[in-house]
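Q: Got a structure for you, written out below as structure tokens; questions coming shortly.
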Amino acid sequence: MIRVTVWNEYEHERKIPEIGKIYPEGIHGAIKKILSSEDDMIVRYATLDEPEQGLSEGILSDTDVLIWWSHARQDDVTDENVQRVIDHVHSGMGLIALHSAHFSKVFRRLMGTPCTLSWKHGDREKLFCVNPAHPIAKDVPGCIELEDEELYGEPFAIPNPDEVVFMGWFAGGAVFRSGCTFTRGYGKIFYFQPGHEENRVYDHPDISRILINSVRWAAPVKRLASPPDNIELR
Ligand code: ZN
């Protein structure tokens with residue numbers, strides 16, 4: 042079984058009534074529901090205001106794949122907890138960074154680059170699969186149309202990804218590397234752009250499929266008990 046933790050800052054859904062109506066169970070609750078229908082996944086969620094910000098050693102060591110959504114409170118995550126997440130990724134835990142998590146401390150430090158982008162509120166997106174042989178693209182159509190999505194555009198200041206699986210085209214005049222994979226230590230990372238809090242996009246069946254596929258892909262092949270260290274040969 043793949044142990045999945047959906048981590049969400051859980052701020053907009055509680056503080057902005059319109060968004061609370063879109064995600065009454067929180068973004069984490071919506072994603073948990075999607076993944077829980079899979080026979081090979083055990084799913085829980087954790088949020089920023091929980092003890093140890095929902096990122097305790099106990100939670101992370103019991104997590105194969107961590108899904109991360111954050112926006113308004115990126116900087117509230119303590120450096121200690123950020124480092125703990127990074128150590129687990131280096132040890133083999135998978136990480137799926139969604140939408141505005143491009144600007145989370147965890148993602149930026151793992152990338153080592155500013156992770157800035159261009160953006161515009163309110164747009165229409167066509168999400169193209171540019172790597173149909175990739176496991177994350179299994180049973181996903183060549184183009185997914187999203188009537189309401191925030192525009193994220195290039196230049197996206199990330200290091201060159203291992204693979205680009207999806208490219209976004211926006212009616213407002215932008216393209217974006219919307220689905221990218223990276224490897225850091227023993228850990229696999231997938232960045233996925235859709236997921237602005239004002240649009241309930243994760244329930245779109247093709248977007249749900251991408252999330253499910255990405256969890257299976259990111260599950261550890263080898264998991265170390267602690268971050269990798271030098272090995273002395275004798
Ligand atoms: Zn957004």
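Under my numbering, the letters of the sequence shown match residues 42 to 275, in that order.
The C-beta atom is built at its ideal place from N, Cα and C for all residues, glycine as well.
What residues are listed by DSSP as bridge partners for D164?
A: Counting from one through the sequence shown, the residue named residue 164 turns up at place 123. Beta-bridge pairing links D164 to E190.
Q: Does the region 73 to 85 come within contact of the region 117 to 124, defined as at least 3 CB pairs closer than 8 Å?
A: Short answer: they don't touch.
Q: Could you tell me the boundaries of the beta strand (DSSP E) in which R225 lies?
A: Locating residue 225 in the sequence shown gives position 184, where the first residue counts as 1. Unbroken beta strand (DSSP E) run through R225: A215 to R225.
Q: Can you pull every residue whose C-beta falls closer than 7 Å to some heavy atom of ligand 1, listed in chain order?
A: Here the list is H112, H140, S141, E191, H237 and E238.
Q: Counting only runs that start and end within the region 89 to 152, where is the alpha helix (DSSP H) found for 4 or more residues in a row?
A: List check, alpha helix (DSSP H) in window: 98 to 102, 120 to 132 and 146 to 152.
Q: What are the residues that DSSP puts in a beta bridge with R44?
A: Translated into the one-based positions of the sequence shown, residue 44 becomes position 3. R44 is bridged to I83.
Q: Quick one: Cα of T224 to Cα of K179, how far?
A: Here residue 224 is taken as the residue at index 183 of the sequence shown, counted from 1. Here residue 179 is taken as the residue at index 138 of the sequence shown, counted from 1. Their backbone Cα atoms lie some 20 Å apart in a straight line.
Q: Which same chain residues end up closer than 7 Å to L265 when comparing Cβ atoms and leaving out the 5 residues on each side of it in sequence?
A: Sequence index remark: in the sequence shown, residue 265 carries index 224 (1-based). Answer for L265: S132, G133 and Y227, listed in chain order.
Q: In three-state DSSP terms, what is K56?
A: The residue given as residue 56 occupies position 15 in the sequence shown. Three-state result, K56: helix.
Q: Starting from K229, follow the beta strand (DSSP E) in both directions and report where the run begins and ends.
A: Residue numbering aside, residue 229 sits at position 188 when the sequence shown is read from its first letter. Segment G228 to F233, the beta strand (DSSP E) holding K229.
Q: Below 8 Å between beta carbons: does that hold for V206 and N240?
A: For the purposes of this step, residue 206 is identified with residue 165 of the sequence shown, where counting begins at 1. For the purposes of this step, residue 240 is identified with residue 199 of the sequence shown, where counting begins at 1. It is not a contact, given that the beta carbons lie outside the stated cut-off.
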